[in-house]
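Trainee: Supplied in structure tokens, the structure appears directly below.
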């Protein structure tokens with residue numbers, strides 16, 4: 008278990024209670040090699056696959072805290088087997104890549120929503136493959152995809168048909184095409200359509216399959232209104248009803264439905280949303296390029312020989328708002344996952360890391376950008392962000 012900084016920090020448990028271990032258990036059950044140890048405990052130990060469809064539903068942002076708050080007596084809560092940890096950073100770019108490849112961030116190398124890429128000399132958003140900042144000629148999404156996306160989908164190695172049910176807007180993205188591998192991608196625009204597709208695959212296909220399904224609706228809503236808003240309870244209840252309705256339908260063969268999330272969420276009060284431009288010019292002047300990472304965890308690239316001075320000054324200015332560490336400390340502590348490390352991991356993490364304390368975010372705004380004001384965020388190491396539910400329903 009990783010022990011670093013404060014008891015307020017909840018780190019990934021890559022030894023047996025992480026998304027990496029969930030994938031390892033599923034891969035092993037479906038005849039594919041695994042990169043990490045299987046899940047500890049009994050939740051999937053007796054998983055049977057012969058003659059049975061296996062479905063993995065990822066509800067983006069539905070952390071254990073959100074499930075307990077919005078659905079304490081829900082159908083989903085009643086079938087919860089336990090909790091897992093996300094990866095670090097606890098964010099979609101890192102965690103979904105883990106769920107689709109089986110690799111931890113240390114291996115697949117996608118370290119957040121915004122990521123410094125030394126090859127292109129740019130800060131890239133790896134999911135949409137857009138460039139936020141560049142010190143060189145901007146490259147096409149196709150060129151970026153070719154060198155950024157190196158880890159391959161574990162779906163390609165299972166011994167049965169594979170399907171990926173994704174939001175319609177994502178099915179042709181370079182990220183989805185690469186990370187879902189040979190799986191047949193099917194687009195949906197709402198929950199009803201998603202569960203109808205899931206039902207059809209479980210009743211109309213001749214052979215049992217593996218179905219990966221993903222929905223981002225709750226994540227989008229929690230960014231907009233915060234994770235504790237009544238509107239989230241309303242949406243969660245609609246999702247819960249859809250799951251229960253799906254589970255009550257007749258099917259031609261059995262299915263095991265496993266449900267989890269890529270990360271949880273934390274509230275970000277307005278008074279705790281910090282702007283980089285409001286910090287001292289001395290501190291800002293020690294960085295050679297804009298911030299990268301996430302609002303809840305910032306990766307900082309300093310000018311040569313300025314890393315130590317930056318860390319010292321950042322602790323003075325932000326000590327009550329962020330933990331300040333060197334990038335090397337975090338890598339060596341194993342928070343991104345165990346070795347072997349992606350060759351670009353250290354350069355992407357940078358010289359210093361600002362790990363925001365509970366409720367705080369830090370953002371910079373480049374010329375031409377609008378200031379981002381999110382009511383909810385993730386990426387950090389609070390329990391609310393890191394703990395996700397493990398739900399199993401045998402049908």
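In our numbering, the protein residues as written are 8 to 402. Beta carbons are placed, not taken as given, at the ideal position from N, Cα and C, and that holds for glycine.
#1: What three-state label does DSSP hand residue 159 in the structure shown?
#2: Over what stretch of residues does the alpha helix (DSSP H) that includes residue 335 continue unbroken?
#3: With a cut-off of 8 Å on the beta carbons, I'd call residue 373 and residue 140 a contact; round off their distance for me.
#4: Over the uninterrupted alpha helix (DSSP H) stretch that includes residue 62, give me the two end residues.
#5: With the cut-off set at 8 Å, would you say residue 375 and residue 301 are in Cβ contact?
#6: I'd like to know whether the C-beta atoms of residue 395 and residue 95 end up nearer to each other than 8 Å.
#7: Would you be able to state if there are at least three C-beta pairs under 8 Å between the segment 322-331 and the segment 98-106?
#8: Going by C-alpha distance, which of 250, 297, 291 and 213 is nearest residue 259?
#9: When DSSP labels each residue in this structure, what does residue 182 get in the three-state scheme?
#10: Would you check if there are 3 or more beta carbon pairs closer than 8 Å linking the segment 60-79 to the segment 263-277?
#11: With a CB to CB cut of under 8 Å and the five nearest residues on each side skipped, what residues in its chain are close to residue 296?
#12: Would you kindly report the start and end of the unbroken alpha helix (DSSP H) that includes residue 299?
#13: Drop a sphere of 10 angstroms on the beta-carbon of residue 52, count the other beta-carbons inside from all chains shown, and report buried for 16 or more, exposed for fewer.
#14: Out of 277, 384, 317 and 278, point me to the one whose CA is closest to residue 288's CA.
#15: If the criterion is Cβ atoms closer than 8 Å, does the pair residue 58 and residue 168 meet it?
#16: Please name the residue, chosen from 369, 294, 352 and 273, that lies closest to residue 72 on a Cα-to-Cα basis.
#17: Just how far apart, CA to CA, sit residue 197 and residue 290?
#18: With distance defined between alpha-carbon atoms, name the residue in 157, 247, 341 and 182 nearest to residue 20.
#19: Answer with buried or exposed for residue 13, where buried requires no fewer than 16 other C-beta atoms within 10 angstroms of its C-beta.
#20: Please report the Cβ distance between residue 28 and residue 40, rounded to the nearest whole angstrom; I am assuming they are in contact, meaning their Cβ atoms lie under 8 Å.
#21: Between the Cα of residue 384 and the Cα atoms of 227, 249, 144 and 400, which residue gives the shortest distance?
#22: Does the beta-carbon of residue 344 have 16 or more other beta-carbons within 10 angstroms, so that it is buried, or is it exposed?
#23: Which residues in the same chain as residue 11 place their Cβ atom closer than 6 Å to its Cβ, once the five residues preceding and following it in sequence are excluded?
#24: Taking the continuous beta strand (DSSP E) assigned at residue 141, which residues delimit it?
#25: Rounded to the nearest angstrom, what separates residue 236 and residue 276 at their Cα positions?
#26: Shortest alpha-carbon distance to residue 264 belongs to which of 223, 192, 256 and 218?
#27: Could you tell me which of 118, 242, 240 and 92 sits nearest to residue 134, measuring between CA atoms?
#28: With hydrogens ignored, establish whether the beta-carbon of residue 43 is closer than 7 Å to any heavy atom of the ligand COA.
#29: According to DSSP, is residue 53 part of a helix, a strand, or is it coil?
#30: Out of 82, 25 and 144, which has the shortest C-alpha to C-alpha gap to residue 90?
#31: Give a yes or no on whether the C-beta atoms belonging to residue 34 and residue 110 are separated by under 8 Å.
#32: Assuming the contact rule is C-beta atoms closer than 8 Å, residue 156 and residue 188 should be a hit. Round their C-beta distance to whole Å, please.
#33: Pick from 154, 164, 205 and 195: whose alpha carbon is nearest that of residue 181?
#34: Have a look at the DSSP bridge pairing and note the partners of residue 258.
#35: Taking the Cβ atom as the reference point for each residue, do residue 17 and residue 393 lie within a distance shorter than 8 Å?
#36: Given a threshold of 16 other Cβ atoms within 10 Å of its Cβ, counted over all protein chains shown, does residue 113 qualify as buried or as exposed?
Mentor: In brief:
#1: As a first step, residue 159 must be located in the chain shown, where it is residue number 152. It is coil, neither helix nor strand.
#2: Sequence index remark: in the chain shown, residue 335 carries index 328 (1-based). That run of the alpha helix (DSSP H) goes 334-340.
#3: Here residue 373 refers to the residue found at position 366 when the chain shown is read from its first residue. Here residue 140 refers to the residue found at position 133 when the chain shown is read from its first residue. The Cβ separation is near 6 Å, so the contact holds.
#4: Translated into positions along the chain shown, residue 62 becomes position 55. Counting along the chain, residue 62 falls outside any alpha helix (DSSP H), though it belongs to the beta strand (DSSP E) covering 60-66.
#5: For the purposes of this step, residue 375 is taken as the residue at position 368 of the chain shown. For the purposes of this step, residue 301 is taken as the residue at position 294 of the chain shown. Contact: no.
#6: By 1-based counting over the chain shown, the position of residue 395 is 388. By 1-based counting over the chain shown, the position of residue 95 is 88. No, the Cβ-Cβ distance between residue 395 and residue 95 is not below 8 Å.
#7: no
#8: The residue you call residue 259 lines up with position 252 of the chain shown. It is 213 whose Cα lies nearest to the Cα of residue 259.
#9: As a working note, residue 182 is residue 175 in the chain shown. Residue state, collapsed to three classes: helix.
#10: yes
#11: Within the chain shown, numbered from 1, the residue matching residue 296 stands at position 289. If we look at residue 296 and ignore the five residues flanking it on each side, its Cβ neighbours are 123, 130, 140, 142 and 308.
#12: Taking the first residue of the chain shown as position 1, residue 299 is located at position 292. Here residue 299 belongs to no alpha helix (DSSP H); instead the beta strand (DSSP E) covers 299-301.
#13: Position 45 of the chain shown holds residue 52. With fewer than 16 other Cβ atoms within 10 Å, it is exposed.
#14: Taking the first residue of the chain shown as position 1, residue 288 is located at position 281. Out of 277, 384, 317 and 278, 317 has the C-alpha closest to the C-alpha of residue 288.
#15: For the purposes of this step, residue 58 is taken as residue 51 along the chain shown, with counting starting at 1. For the purposes of this step, residue 168 is taken as residue 161 along the chain shown, with counting starting at 1. Not closer than 8 Å, so no.
#16: Position 65 of the chain shown, counted from the first residue, corresponds to residue 72. Checking every option, the nearest Cα to that of residue 72 belongs to 273.
#17: Here the question's residue 197 lines up with position 190 in the chain shown. Here the question's residue 290 lines up with position 283 in the chain shown. So the two alpha carbons sit approximately 46 Å from each other.
#18: Taking the first residue of the chain shown as position 1, residue 20 is located at position 13. Looking at the Cα atoms, 341 is the closest of the given residues.
#19: Here residue 13 refers to the residue found at position 6 when the chain shown is read from its first residue. Its Cβ having fewer than 16 others within 10 Å, residue 13 is exposed.
#20: Numbered from its first residue, the chain shown carries residue 28 at position 21. Numbered from its first residue, the chain shown carries residue 40 at position 33. So it is not a contact: roughly 14 Å between Cβ atoms.
#21: Taking the first residue of the chain shown as 1, we reach residue 384 at position 377. Closest by alpha carbon: 227.
#22: Against the chain shown, residue 344 aligns to sequence position 337. Buried, because 16 or more other Cβ atoms sit within 10 Å of the Cβ of residue 344.
#23: Sequence index remark: in the chain shown, residue 11 carries index 4 (1-based). Result list for residue 11: 340, in chain order.
#24: Along the chain shown, one-based indexing puts residue 141 at 134. From DSSP, the beta strand (DSSP E) with residue 141 extends over 137-141.
#25: Position 229 of the chain shown, counting from 1, holds the residue named residue 236. Position 269 of the chain shown, counting from 1, holds the residue named residue 276. Near 13 Å, if we compare the C-alpha coordinates of residue 276 and residue 236.
#26: Along the chain shown, read from residue 1 onward, the residue named residue 264 stands at position 257. Ranking 223, 192, 256 and 218 by Cα distance to residue 264 puts 218 first.
#27: Numbered from 1 along the chain shown, position 127 holds the residue referred to as residue 134. If we check each option's Cα against that of residue 134, 118 comes out closest.
#28: The model on display carries no ligand, and the ligand COA is accordingly not part of it.
#29: If you number the chain shown from 1, residue 53 lands on position 46. It is coil, neither helix nor strand.
#30: As a position in the chain shown, residue 90 is number 83, starting the count at 1. For the residues 82, 25 and 144, the minimum Cα distance to residue 90 belongs to 25.
#31: Sequence index remark: in the chain shown, residue 34 carries index 27 (1-based). Sequence index remark: in the chain shown, residue 110 carries index 103 (1-based). No, Cβ-Cβ distance for residue 34 and residue 110 is not below 8 Å.
#32: Position 149 of the chain shown, counted from the start, is the residue given in the question as residue 156. Position 181 of the chain shown, counted from the start, is the residue given in the question as residue 188. With 8 Å as the limit, residue 156 and residue 188 do not qualify as a contact, their Cβ atoms being about 11 Å apart.
#33: Within the chain shown, residue 181 is the residue found at index 174, counting from 1. The option with the nearest alpha carbon to residue 181 is 154.
#34: Along the chain shown, read from residue 1 onward, the residue named residue 258 stands at position 251. Its beta-bridge partners do not exist; DSSP assigns none.
#35: In the chain shown, counting from the first residue as 1, residue 17 sits at position 10. In the chain shown, counting from the first residue as 1, residue 393 sits at position 386. Cβ distance < 8 Å, so residue 17 and residue 393 count as in contact.
#36: The count along the chain shown starts at 1 and reaches residue 113 at position 106. That one is buried.
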